[in-house]
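Numbering (my numbering), first residue to last: -6 to 350.
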């Protein structure tokens, strides 16, 4: 159970946070003004977000300057606080009455250079080499990418009037991966795999119904395809071939047949590209076919995106599914400290079969 906090018998706990500006902790009278604090940890190339609402009913609080870097630690009293990272203030809203100041800050790891449109061609590079070029261009630390993605050979790809963030996202989608920037480095990892970018397995967590006070399950039947079929054209043989990715439960598969197969309309240039496209789309389809969210009555700032999760005490279709955290929202307000987990299907490695038409 996630709520099994290790505390002395009879001990009382309360939510605790520290907020620092340029490594200087905010004065207590300013922290006491915070009415609401919310931090969202995202898994993709979307900046993590910190939302703060300050009480300014006495109109004595100075409005923060955009560009200010905030450093947040969050957790419970008598426990080690979790480092939520650095955030750069980008939006400030002053409203009333009563007067309040709302501040939105986003992950400080996302540089302005990521929003500059560029055009480049990459010939005979590996996926890892392209990611390192972009990392160096944006003055980031050495990127973290697992070997299975690092070594993928890319004969040619163009970045045409695209920002580095969009191009990286497109690269990740093409190879069934996700990309983000945390702690000053690009993280490139397999989507929904429950692993860190370096390939290390993240420990599984189990959530029981009593851990939460609110939950929601959604099944999207139109996305529940049995497989994905991609085609490529062999210029040397002047033939068009198929590759189909199938569910592991099927013992046999004939390309072009099946009860609910998604056909990719694009004709790919070679077999390898077609297979990777089928692999990537199949994982995304499976990942998006159902979702589950639960709000934990006791917040857990240590739970973050990409953590694999099992759940117990719900419907069989939910309990029997393996999940992975897609995003986590940690919130402190007048009611206490809660964490809302948004889960997607855990995607294990899948295999494909191919045949020549």
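The beta carbon of each residue, even a glycine, is placed where N, CA and C say it ideally should be.
* To do: Identify whether residue 326 lies in helix, strand or coil by the three-state DSSP scheme.
  => strand
* Residue closest to residue 203, alpha-carbon to alpha-carbon, out of 304, 323, 36 and 69 -> 304
* May I ask you to report which of helix, strand or coil DSSP gives residue 167? => helix
* Asked: Taking one C-beta from the segment 35 to 52 and one from the segment 164 to 175 each time, how about it: are there three or more such pairs within less than 8 Å?
  -> yes
* **Residues bridged to residue 197 [DSSP beta-bridge criterion]** => Residue 197 is not bridged to any residue.
* Which value, in whole angstroms, describes the spacing of the CA atoms of residue 9 and residue 87? -> 25 Å
* Please report the residue range of the beta strand (DSSP E) in which residue 297 lies. => Taken as a continuous stretch (DSSP letters only), residue 297 belongs to no beta strand (DSSP E), as it is neither H nor E.
* For residue 90 and residue 160, the rounded distance between their alpha carbons -> 44 Å
* To do: Decide if residue 128 is buried, meaning its Cβ has at least 16 other Cβ atoms within 10 Å, or exposed.
  => buried
* **Three or more C-beta pairs below 8 Å linking the segment 305 to 324 and the segment 282 to 292** => yes
* Asked: When DSSP labels each residue in this structure, what does residue 268 get in the three-state scheme?
  -> helix
* Cβ shell of residue 115 (< 6 Å), same chain only, five flanking positions each side left out -> 123 and 150
* **Distance between residue 66 and residue 50 (C-alpha atoms, nearest Å)** => 26 Å
* Can you give me the Cβ contacts of residue 152 inside the same chain, cut-off strictly under 8 Å, excluding the 5 residues immediately before and after it? => 111, 112, 113, 114, 115 and 160
* To do: Check whether the Cβ atoms of residue 143 and residue 119 sit closer than 8 Å, and answer yes or no.
  => yes
* Determine the closest residue to residue 74 out of 7, 139 and 99, with distance taken between C-alpha atoms. => 7
* Asked: Does the Cβ of residue 131 have 16 or more other Cβ atoms within 10 Å, making it buried, or fewer, making it exposed?
  -> buried
* Can the beta-carbon of residue 31 be found closer than 8 Å to that of residue 44? -> yes
* To do: Measure how close the beta-carbons of residue 200 and residue 301 come, nearest whole angstrom, since I'm counting them as under 8 Å.
  => The Cβ separation is near 11 Å, so there is no contact.
* Asked: Is the Cβ-Cβ distance between residue 133 and residue 179 less than 8 Å?
  -> yes
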